[in-house]
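For reference, the structure discussed in these notes is given below.
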Amino acid sequence: MYQSILVPLDGSRLAEGVLPYVENLARGLKCPVTLLHVADPAMERRDPAHTVTIEQVIQRVETLAKDYLRSIAKRLEKAGVKADGTVLLGHAYEQILRYAEEHQMGLIAMSTHARAGLERWVMGSVTTRVMTSARIPLLLFHPLEKGAPPKVQLTKVIVPLDGSPLGEAILAHVENLASRLDLEVILVQTLPVGEDIYLGAEAWSYPVDLIKQFDLDASGYLTRIGKDLSRKGFKVNWDLLHGRPADEIIALARRTPDNLVAMSTRGRSGAARWALGSVADQVARSCGDPVLLVRPPETR
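For reference, each letter of the sequence shown is one residue, going 52 to 351 in the working numbering.
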């Protein structure tokens with residue numbers, strides 16, 4: 052399922068924030084890592100005196116990028132991870148997607164934001180385009196101000212569910228990761244209740260008995276999924292949260308050390324295109340912990 056990991060880098064420290072998690076995953080999954088840098092000739096600084104040709108500029112950038120990727124690969128290899136580097140020319144997001152598909156990569160891992168690096172990528176923009184088009188799982192890391200620790204050891208996987216078959220598409224990936232990395236599974240469902248709903252000029256609140264029924268249904272659902280995983284030998288806990296789904300998931304992740312959040316990009320609506328305003332997108336961009344996003348087969 053995760054036969055190889057592709058890691059796009061733009062040369063910035065923020066983009067490198069995902070590397071400790073890549074190292075942890077690659078060691079546990081025993082899979083190789085390919086580091087990718089994309090040089091876009093259109094973004095290169097031109098010599099106003101025209102003493103240097105664009106070909107010479109590109110050659111210089113390629114040389115710098117290869118040296119940079121080689122240094123990162125050596126660091127990973129010292130940690131026991133097989134790694135190599137590739138430099139391509141073109142638009143970053145297009146080359147990332149093309150390379151991942153042509154080389155049948157199992158996972159793309161990248162930071163959601165970065166400052167200008169070797170190629171002055173706008174990493175957030177590149178990540179957004181990859182998110183909307185990638186057909187393989189994505190591991191996204193939003194580097195907070197403190198950045199990622201130099202070494203990590205994931206011990207838990209938080210799995211948000213919404214009760215839909217599309218939301219449950221993540222479970223096969225969770226089972227794979229939990230078994231190979233010895234992770235505790237934490238199932239959660241968030242009920243967005245407790246706020247008034249405005250119907251025209253009037254505010255309407257959920258009736259108490261309806262809220263109780265929501266809780267009973269969700270608790271029963273989590274219990275069923277949790278017991279099924281327990282029977283398969285996984286260590287499982289589950290919790291019912293109340294509030295705005297993205298906020299509650301992020302809060303849980305921040306108070307749970309050494310975790311990975313894993314979720315489907317589509318749930319109840321089943322729309323074919325990833326919605327950037329979705330819960331999955333909000334979590335990936337604000338969590339501060341690595342987030343695995345899997346696009347359900349029906350929406351690819």
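Positions of the beta carbon are idealized from the N, C-alpha and C atoms, including for glycine.
- For residue 316, the three-state secondary structure derived from DSSP is coil.
- Here the alpha carbons of residue 189 and residue 147 stand approximately 12 Å from one another.
- With fewer than 16 neighbouring CB atoms inside 10 Å of its own CB, residue 284 falls in the exposed class.
- In the DSSP assignment, residue 77 falls within the unbroken alpha helix (DSSP H) covering 70–80.
- Bridge pairing for residue 210: 238 [DSSP].
- If you look at residue 134, you'll find it in the beta strand (DSSP E) that goes 134–140.
- When DSSP reads this structure, residue 56 sits in a beta bridge with 84, 158.
- Only buried fits residue 332, as 16 or more other CB atoms lie within 10 angstroms of its CB.
- Within the DSSP bridge table, the entry for residue 227 names no partner.
- Ranked by Cα distance from residue 329, the options 179, 290, 229, 263 are led by 179.
- Assigned with DSSP and collapsed to three states, residue 265 falls in helix.
- Proximity to residue 87 across 75, 109, 215, 160 peaks at 160, based on C-alpha coordinates.
- The beta carbon of residue 75 sits closer than 7 Å to the beta carbons of 203, 204, 205 from its chain, once the five residues preceding and following it are set aside; these are given in chain order.
- Within the same chain, and ignoring the five residues on either side of residue 336 in sequence, the residues whose Cβ sits closer than 7 Å to its Cβ are 163, 193.
- Remark: C-beta atoms of residue 150 and residue 241 do not approach each other more closely than 9 Å.
- Residue 65 carries a coil assignment under DSSP once its states are collapsed to helix, strand and coil.
- Assignment of beta-bridge partners to residue 90 by DSSP yields 140.
- For residue 53 against residue 157, the beta-carbon gap comes to about 4 Å, under 8 Å, which counts as contact.
- Boundaries around residue 290 are those of the beta strand (DSSP E), 287–293, since no alpha helix (DSSP H) includes it.
- Bounds of the alpha helix (DSSP H) holding residue 330 are 330–337.
- From the listed residues 116, 344, 136, the smallest Cα separation to residue 125 is found for 136.
- Taking a contact as a CB-CB distance under 8 Å, the pair residue 134 and residue 89 does not count as one, their CB atoms being some 17 Å apart.
- In the DSSP assignment, residue 112 falls within the unbroken alpha helix (DSSP H) covering 105–129.
- Shown here for residue 129: not one same chain residue has a beta carbon closer than 6 Å to its own, the five before and five after excluded.
- As a beta-bridge residue in DSSP terms, residue 342 pairs with 191, 312.
- For the pair residue 275 and residue 317, the CB atoms are not nearer than the 9 Å cut-off.
- Residues of the same chain with a CB within less than 7 Å of the CB of residue 55, apart from the 5 flanking positions on each side, are 82, 83, 85, 156, 157 in chain order.
- Scanning its chain for C-beta atoms nearer than 8 Å, with the 5 sequence neighbours on each side dropped, one finds around residue 184 the residues 144, 148, in chain order.
- If you check the CB distance, residue 141 and residue 91 come in under 9 Å.
- Where residue 186 is concerned, there is no enclosing alpha helix (DSSP H), because DSSP gives it neither an H nor an E.
- Ranked by Cα distance from residue 67, the options 153, 191, 106, 112 are led by 191.
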